[in-house]
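Numbering (numbering that gives the first Met the number 0), first residue to last: 0 to 132. Where a beta carbon is used, it is the ideal one built from N, C-alpha and C, also for glycine. Data block below; observations after.
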Amino acid sequence: MLKEGDVIEIKEGHRVYADVPEHFVYSNRKGCYGLTYHDITVGGEFAYFAGKYVVVKTSLEGGGAGHGPHDIYPDGHRVYCVKADLYAHDRTVKVDFYQTGSFTAMIEDIEPIGRARLEWTMIHGFNVADGGA
């Protein structure tokens, strides 16, 4: 299973959840470019989602029950990622998917290609009371 700090590569054909323009998802929203969270297949108009990503969070979630008495769906290993080459910018490309369970956006056979590390640096002399002056 992937873990925080893993670097992965999302390729064309992978299925992920992401914020995408409504124009590309709903036939009755042509010309509307507000974002909607939806499952997509990377490629075509969504080719920009391909690339290297850093795993920023993982969790066990998403399970539930169906309509039948035995329709039980267990939680899955969910992976949240941000695109590595845009990580330092305000407008990051984010995707998430599941590695286990029964979900639409699944990538079961993905392996890390590297590791990333997030570091915090203490700024000496910073005083919250006077706004950092």
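Query                                                                                                                                                                            : Result
State the beta-bridge partners of K56 as determined by DSSP.                                                                                                                     : Y79
So, under 8 Å CB-CB, G63 and R77 are touching, yes? Tell me the CB distance rounded to an integer number of Å.                                                                   : Incorrect: roughly 13 Å between the Cβ atoms, too far for contact.
Helix, strand or coil for Y47, going by three-state DSSP, please let me know.                                                                                                    : helix
Less than 7 Å between C-beta atoms, sequence neighbours within five positions excluded: which residues of the same chain meet that for C31?                                      : E21 and H22
Using a Cβ-Cβ cut-off of 7 Å (strictly less than) and excluding sequence neighbours within five positions of R114, which residues of its own chain qualify?                      : G4, D5 and V6
Just how far apart, CA to CA, sit R14 and E118?                                                                                                                                  : 30 Å
Just to confirm, is the Cβ distance from G50 to I9 under 8 Å?                                                                                                                    : yes
Kindly list the residues whose CB is nearer than 6 Å to the CB of C72, restricted to its own chain and excluding five residues on each side of it in sequence; keep chain order. : The sequence as given places Tyr at residue 72; Cys does not occur at that position. Only G62, G63 and S101 meet the Cβ criterion.
Consult DSSP for R116 and reduce its assignment to one of helix, strand or coil.                                                                                                 : coil
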